[in-house]
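All letters in the sequence shown, in the order written, are residues 1 to 1029 by full-length UniProt numbering.
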Amino acid sequence: MDNPQGTVRRSYSTSELMNYRSVPRRLIKPDRDVLERLKGLEILNYRRSRSGKKKNKTHRISRKQIGVNPSNLIYPKRCNILSNFAENVICLTVNCRSLVKKDVLVGQMLREQNVDFAILTETWYSDEKQYQFETSDLNQNGYKISVSNRQNRIGGGVALSCRSSIKMRKLFSGTKSCFEYGIWQLVFKSITINCIGIYRPPSLATPNQFVNEFFQFLEDIVPKYSNLIIMGDFNLHIEENSNAISEFNNSLDALGLIQHVDFPTHIHGRSLDLVITEFTNGVDLVSCEAGPFLSDHCAVKVTTRVQKENIVSKSISFRNFKNMNKQNFTEDLQKLSLDSDNVETFVGEFENTIESLLNTHAPMQEKTQICRAPKPWFNETIMSLKRLMRKSERLWRKHRKPCDYEIYKSSMNKYHHELRNEKHSILSQKVLSFKGDSKKLYKFVKDLTGSKAENPMPAVENENELPDKFADFFMNKIKTIRDSLRDFDDYKPLFKDVPLFTSFKNLSEDEVKTIINKLQCKSCELDILPTKVLKSFLSELLPVITKLVNLSLSQGVFPLRWKQAVVRPLLKKAGLELIYSNYRPVSNLSFLSKLIEKCALYRLNEHVKDHDLLPTNQSAYRQFHSCESALLRLVNDILDGMEHQEVTAMIAVDLSAAFDTVDHSILIKVLEYQYGVNGTALKWIDSYLRPRSCRVNVSSTTSSERQLECSVPQGSCLGPWLYLVYAGTLFDIIPPSITVYGFADDHTANKRFVPTLTNEMDAIRDLQDCAVHINTWMNSNKLKMNNAKTEFILFGSRHQLSKCQTKEIIICGDVIKSKTCIRYLGAFLDETLNFKDHITKKCKTAMMNYYKIKCIRSYLSKEATETLVLSLVISHLDYCNVILFGISQTDLYKLQRIQNMCAKLVLNRSKYDSAKQALFDLHWLPIKARITFKILTYMYNCHVGNAPSYLINLLNPQVSKRLLRSSESSIGLYAVPYNKKKTFQIEAFSTIGPKLWNELGTNVRNSESLDTFKCRLKTLYFENYFELF
1 MDNPQGTVRR
11 SYSTSELMNY
21 RSVPRRLIKP
31 DRDVLERLKG
41 LEILNYRRSR
51 SGKKKNKTHR
61 ISRKQIGVNP
71 SNLIYPKRCN
81 ILSNFAENVI
91 CLTVNCRSLV
101 KKDVLVGQML
111 REQNVDFAIL
121 TETWYSDEKQ
131 YQFETSDLNQ
141 NGYKISVSNR
151 QNRIGGGVAL
161 SCRSSIKMRK
171 LFSGTKSCFE
181 YGIWQLVFKS
191 ITINCIGIYR
201 PPSLATPNQF
211 VNEFFQFLED
221 IVPKYSNLII
231 MGDFNLHIEE
241 NSNAISEFNN
251 SLDALGLIQH
261 VDFPTHIHGR
271 SLDLVITEFT
281 NGVDLVSCEA
291 GPFLSDHCAV
301 KVTTRVQKEN
311 IVSKSISFRN
321 FKNMNKQNFT
331 EDLQKLSLDS
341 DNVETFVGEF
351 ENTIESLLNT
361 HAPMQEKTQI
371 CRAPKPWFNE
381 TIMSLKRLMR
391 KSERLWRKHR
401 KPCDYEIYKS
411 SMNKYHHELR
421 NEKHSILSQK
431 VLSFKGDSKK
441 LYKFVKDLTG
451 SKAENPMPAV
461 ENENELPDKF
471 ADFFMNKIKT
481 IRDSLRDFDD
491 YKPLFKDVPL
501 FTSFKNLSED
511 EVKTIINKLQ
521 CKSCELDILP
531 TKVLKSFLSE
541 LLPVITKLVN
551 LSLSQGVFPL
561 RWKQAVVRPL
571 LKKAGLELIY
581 SNYRPVSNLS
591 FLSKLIEKCA
601 LYRLNEHVKD
611 HDLLPTNQSA
621 YRQFHSCESA
631 LLRLVNDILD
641 GMEHQEVTAM
651 IAVDLSAAFD
661 TVDHSILIKV
671 LEYQYGVNGT
681 ALKWIDSYLR
691 PRSCRVNVSS
701 TTSSERQLEC
711 SVPQGSCLGP
721 WLYLVYAGTL
731 FDIIPPSITV
741 YGFADDHTAN
751 KRFVPTLTNE
761 MDAIRDLQDC
771 AVHINTWMNS
781 NKLKMNNAKT
791 EFILFGSRHQ
801 LSKCQTKEII
811 ICGDVIKSKT
821 CIRYLGAFLD
831 ETLNFKDHIT
841 KKCKTAMMNY
851 YKIKCIRSYL
861 SKEATETLVL
871 SLVISHLDYC
881 NVILFGISQT
891 DLYKLQRIQN
901 MCAKLVLNRS
911 KYDSAKQALF
921 DLHWLPIKAR
931 ITFKILTYMY
941 NCHVGNAPSY
951 LINLLNPQVS
961 KRLLRSSESS
971 IGLYAVPYNK
981 KKTFQIEAFS
991 TIGPKLWNEL
1001 GTNVRNSESL
1011 DTFKCRLKTL
1021 YFENYFELF
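This is the structure in structure tokens:
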């Protein structure tokens, strides 16, 4: 409509218009001229008053009460992107030192700070004088108060004051020997928060006594409630470095909690008032800041945000395989005949034929869908019940008859009951279908609990430019490293006399079928046929695929169209800053490309394994090797040195873009000189490596194609193995006095010495010289050592470490400071190997996942919950537990406590029920037994030869000095190393392994297979632990 002359238009948002509904009409009633103008603009349908008798109003709520008539509003069109919904919740805690006379002052502060709820300590209220808080300013003027008073004496007390509009319920309150507490539940629009108020009188107990009692209290509270906010006056000097504070922080981490106050809250500069929340909950803490002083304490103001994700609609292209006529498609696949003997031609004909069949039986379709989490439980049956419930609700609201209300109530209960049962069934089935795949289970739990996106992208003005920016960064990073190493001569590998591997032996259809079934059902946009569909029609496609694989391997040609990768940037670790350097490029390749790689690797591994060509101390991507086996040998060597009064100096070397800077020419020479790969086999690997290209994909937007002059693709099957071959020559240049262990691109160099001044200087010098050799080797192999992430640590007993004076080491001109704890292969190794940091970190991660599972427990069956708990919680407690033998009972209890909580969660039992009974019913071994169980599993694998050689070499068969009749009983036993002191050696695998093994019965040791051994061993340990139960 044209704008009338002299008329000024004003734009209103949806929220502004809807806000008028809550404003009394008398405050917004315009004059008649304004109404006429609004009517002319078609904003308000206004009509003048008319004569006649006024009709009685039948509405329960008059228009005067709601402010405006909603029928007069013209609603704007709904857009396809809904804005973020965010609800800010502002909370506050303060020590008032008597609310009796400060209630007006505190109430004024709450209103000025726009506080939703506040924890108030030292209220000094008493039950005998209820009028004090009933008539308080905190119980009127838009606020209400709930108190937890100190019993039998004056002072103290905890209270919660919140807005009158917030639904608040007091759950528990009481007094412990060291502190007072109150627990309240607050229901907001989109979340329920459980708030705990704490007040600790400083004179009642020592900090250590308070910490012990406080965490016994939390052990009961944390499993029961979610979305916790713990606030109050703890009277702990949290900034100090004392034993009590250290134990307080470690216990918080073990329970999955975090403390946010990092500023003084007392006039003397101490941080006494604390705010504690869970690591993972529905509350996103925005800020924690100091407020005004009302006593000798200042207020602590916390702003949180509850946010829902955007709901976006987008257009997608897809093929409807579900409704495809499978019989006709099968018949067409059986007619598939490709006779070309050229690999490139054969691949082109295969893809064109498959695409033609797909266009016939499952043509490409397009549709617009809303990007929201799918709800498979909301089916037609549930929808019909919901319609019936809404229909009965409308009928009741229209007539207000008691019989209609009963019908509505019955239909509502039936709808909720069926919806809950359907959701319970669907989610449980989904969890059980993911059993054994921790990655899918973890994503499933994160989606259900509404966690943030696990791979957020950097903020840019134009999102379409982000793929090219990532591509430029990745390519420039590689180019910078290569340019800096251009002046160094290429590495010349040593020649080794090994049997030749000149060609790949053809694979049978059964071998190809086995390899296909072992590969994961992953697909990317490069696949002409989705992997799931390919496996469904494998019997028809198998002859063609087998011919394709054998053609490629026999001709030494890798298909050119499968050398292109789609690269997706993945954040290296959750919580890192969103900058390009914190992302790792991961290649997505077509399924058939990975199949050919896997078939080639199958033959190469046979050659390498038969002739033992890979370095002994390299543990990555090898059968019977793992991070745990590498750590087990490393810790064994350190403990052996500590037993002999030695200190172990270690550097952990980090590389920059190791996989991306592998030089193809050097790799080909290493394969030829040291692994005997030659002829057609070497030609095929050369064809696989070059030329290659990639495109970066971010959110369905793709960059331009980039050519790769070096690197082995991350995310491929053959790439990691080729990197092992490439990095294996490092072990050829290490001096004999230095021990090196490697896992892919993570390497450690160790040197043991008796801590005297001369020995220490010699050891550090040898380690520095070794670092120079490693750096020289890397330069000649076009690899770059990242000195900024290289770490240095000294391991030893406290007594021996006190004799050491080295605080830093110089590596290639950079000064590396000595650390007291480092992270290596997922384990945290501290300088005395007490593993307190490792246990704290693992407990923290386990508790975070425990909280997530607890939130959805009501929708899961017992079997599904057990699957989630074992995969996402217990797995963290079991990771590298083989190195935890001999830890203190205090640390062992931290792990056992989480297992007890998980057992009760699976069985849906109360916190007061017996934990031992829960473990018995689930047939779970306790933590201590799980540690020895893992050690004996490694012993069995060493006994039958299914373990790394560096572990087998630690064990020596037991040999009798004299031939006795009892000598036959010592067959299969291992010698336990003798040491007079056995202070540290008893915790090493080389000692405790044989000792535990020799204590087993013959029937357990002589088990036919690993599964049989585990079954018998678990039965034995289970009976021993629960024999008196």
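Glycine is no exception: its CB is placed at the ideal position from the N, C-alpha and C atoms. What you are looking at is a predicted structure, and each value in this text was computed from that prediction instead of being measured.
Between the CA atoms of Asp-686 and Glu-509 - distance to the nearest angstrom: Along the sequence shown, read from residue 1 onward, the residue named residue 509 stands at position 509. Along the sequence shown, read from residue 1 onward, the residue named residue 686 stands at position 686. Roughly 26 Å between the two C-alpha positions.
Glu-987 versus Arg-584: straight-line alpha-carbon distance, rounded: Within the sequence shown, residue 987 is the residue found at index 987, counting from 1. Within the sequence shown, residue 584 is the residue found at index 584, counting from 1. Distance between the alpha carbons of Glu-987 and Arg-584 is about 38 Å.
Would you report the Cα separation of Ile-856 and Ile-931, rounded to the nearest angstrom? Position 856 of the sequence shown holds residue 856. Position 931 of the sequence shown holds residue 931. If I take the Cα positions, the gap works out to 30 Å.
Report the rounded CA-to-CA distance for Tyr-1021 versus Asn-946, giving the unit in angstroms. Within the sequence shown, residue 1021 is the residue found at index 1021, counting from 1. Within the sequence shown, residue 946 is the residue found at index 946, counting from 1. Distance between the alpha carbons of Tyr-1021 and Asn-946: 23 Å.
Any idea which residues DSSP pairs Pro-585 with across the strands? Within the sequence shown, residue 585 is the residue found at index 585, counting from 1. Answer is Pro-569, bridged to Pro-585.
Within the same chain, show all residues whose beta-carbon is closer than 6 Å to that of Val-944, passing over the 5 residues directly before and after it, in chain order. For the purposes of this step, residue 944 is taken as the residue at position 944 of the sequence shown. Excluding positions up to five away in sequence, the list is empty.
Looking at the strands, I want to know which residues DSSP matches up with Trp-924. The sequence position of residue 924 within the sequence shown is 924, counting from 1. In the DSSP output, where bridge partners are listed per residue, Trp-924 has none listed.
Assign Tyr-491 to one of three DSSP states: helix, strand, or coil. Here residue 491 refers to the residue found at position 491 when the sequence shown is read from its first residue. In the structure shown, Tyr-491 sits in coil (DSSP, three-state: anything other than H, G, I, E or B).
Inter-residue Cα distance where the pair is Lys-430 and Ser-737: As a working note, residue 430 is residue 430 in the sequence shown. As a working note, residue 737 is residue 737 in the sequence shown. Cα to Cα, Lys-430 sits roughly 54 Å from Ser-737.
Taking 7 Å as the CB-CB cut-off, is His-799 touching chain C? Absence of chain C from the displayed structure is noted, only one protein chain being present.
Beta-bridge pairing of Phe-117 - partner residues as DSSP gives them: What you label residue 117 is simply residue 117 of the sequence shown in a count that begins at 1. Cys-91, Cys-162.
Does Asn-114 pass the burial test, meaning 16 or more other C-beta atoms within 10 Å, or should it be called exposed? Along the sequence shown, read from residue 1 onward, the residue named residue 114 stands at position 114. Answer is exposed; the Cβ neighbour count stays below 16.
Could you check whether the segment 512–521 touches the segment 309–328, counting it as contact only if at least three pairs of C-beta atoms, one from each stretch, sit closer than 8 Å? no
For a quick check, are the C-beta atoms of Pro-493 and Thr-729 less than 7 Å apart? On the sequence shown, position 493 is the one that residue 493 refers to. On the sequence shown, position 729 is the one that residue 729 refers to. Result yes, Cβ atoms of Pro-493 and Thr-729 sit closer than 7 Å.
For Thr-661, I'd like the list of residues in its chain whose CB is within less than 8 Å of its CB, leaving aside the five on either flank, ordered along the chain. Within the sequence shown, residue 661 is the residue found at index 661, counting from 1. Correct list, in chain order: Ile-478, Ile-481, Arg-482, Cys-710, Ser-711, Lys-782, Leu-783, Lys-784.
CB-CB under 6 Å to Leu-567, same chain, minus the five flanking residues each way: which ones, in chain order? Along the sequence shown, one-based indexing puts residue 567 at 567. The sequence shown places Val at residue 567, not Leu. Counting only Cβ-Cβ distances below 6 Å, and skipping sequence neighbours, we find Pro-585, Ser-587, Cys-694, Val-696.
Jot down the residue ranges of each uninterrupted beta strand (DSSP E) in the segment 261–300, minimum 3 residues, whole runs only, in chain order. 273–278, 284–293
So, at 7 Å on beta carbons, what are the nonlocal neighbours of Gly-142 in its own chain, with the 5 sequence-adjacent residues on each side left out? Sequence index remark: in the sequence shown, residue 142 carries index 142 (1-based). So the list reads Arg-163, Ser-164, once near-sequence residues are dropped.
Thinking C-beta only, is Ala-727 closer than 7 Å to Val-740? The residue labelled residue 740 in the question sits at position 740 within the sequence shown. The residue labelled residue 727 in the question sits at position 727 within the sequence shown. Contact flag unset, no.
For a minimum of 3 consecutive residues, which ranges assigned as the beta strand (DSSP E) are wholly contained in the segment 952–1023? none
Using 8 Å as the threshold, is the segment 851–870 in touch with the segment 807–826, meaning 3 or more CB pairs across them? no
C-beta contact flag for Thr-793 and Met-650 at 7 Å: Taking the first residue of the sequence shown as 1, we reach residue 793 at position 793. Taking the first residue of the sequence shown as 1, we reach residue 650 at position 650. Before going on, a small fix: residue 793 reads as Ile here, not Thr. Contact: yes.
Glu-597 and Leu-718 closer than 7 Å at C-beta: As a position in the sequence shown, residue 597 is number 597, starting the count at 1. As a position in the sequence shown, residue 718 is number 718, starting the count at 1. In contact: Glu-597 and Leu-718 (Cβ atoms closer than 7 Å).
Near Ser-98, which residues of its chain fall below 8 Å by C-beta distance, leaving aside the five closest residues on each side in sequence? Taking the sequence shown and counting its residues from 1, the one referred to as residue 98 is at position 98. Within the same chain, Ser-98 has close Cβ partners Glu-122, Thr-123, Trp-124.
For Thr-443 versus Trp-377, is the C-beta spacing smaller than 7 Å? As a working mapping, residue 443 is identified with position 443 in the sequence shown. As a working mapping, residue 377 is identified with position 377 in the sequence shown. Correcting the residue type first, residue 443 is Lys in the shown sequence and not Thr. No.
Determine, using beta carbons only, whether Phe-234 and Gly-256 come nearer to each other than 7 Å. Position 234 of the sequence shown, counting from 1, holds the residue named residue 234. Position 256 of the sequence shown, counting from 1, holds the residue named residue 256. In this structure, Gly-256 does not lie closer than 7 Å to Phe-234 by Cβ.
Can you check whether the CB of Leu-120 is closer than 7 Å to the CB of Ala-159? As a working mapping, residue 159 is identified with position 159 in the sequence shown. As a working mapping, residue 120 is identified with position 120 in the sequence shown. Yes.
Can you name the start and end residues of the beta strand (DSSP E) that Cys-821 belongs to? Stepping through the sequence shown from its first residue, residue 821 is reached at position 821. Unbroken beta strand (DSSP E) run through Cys-821: 821–824.
Could you give the DSSP three-state label for Asp-654: helix, strand or coil? As a working note, residue 654 is residue 654 in the sequence shown. DSSP places Asp-654 in coil when its eight states are reduced to three.
Taking three-plus beta-carbon pairs below 8 Å as touching, is the segment 205–219 in contact with the segment 902–909? no
For my contact list, Thr-192 and Gln-185 are in at a C-beta cut-off of 8 Å; report their separation, rounded to the angstrom. Within the sequence shown, residue 192 is the residue found at index 192, counting from 1. Within the sequence shown, residue 185 is the residue found at index 185, counting from 1. Indeed they touch by this definition, with Cβ atoms about 6 Å apart.
For Arg-930, name the three-state secondary structure that DSSP assigns. For this step, residue 930 is matched to residue 930 along the sequence shown. Looking at Arg-930 - three-state DSSP - the assignment turns out to be helix.
Taking 8 Å as the threshold, find out whether the segment 626–643 comes into contact with the segment 796–803 through three or more Cβ pairs. yes
How about Val-343 and Val-557: are their beta carbons less than 7 Å apart? Sequence index remark: in the sequence shown, residue 343 carries index 343 (1-based). Sequence index remark: in the sequence shown, residue 557 carries index 557 (1-based). Their beta carbons are under 7 Å apart, which means Val-343 touches Val-557 by this criterion.
When the Cα atoms are used, what is the spatial distance from Pro-264 to Ala-299? As a first step, residue 264 must be located in the sequence shown, where it is residue number 264. As a first step, residue 299 must be located in the sequence shown, where it is residue number 299. Cα to Cα, Pro-264 sits roughly 11 Å from Ala-299.
Going by the CB atoms, is the gap between Phe-504 and Leu-553 shorter than 7 Å? Taking the sequence shown and counting its residues from 1, one reaches residue 553 at position 553. Taking the sequence shown and counting its residues from 1, one reaches residue 504 at position 504. A contact, by the Cβ cut-off of 7 Å.
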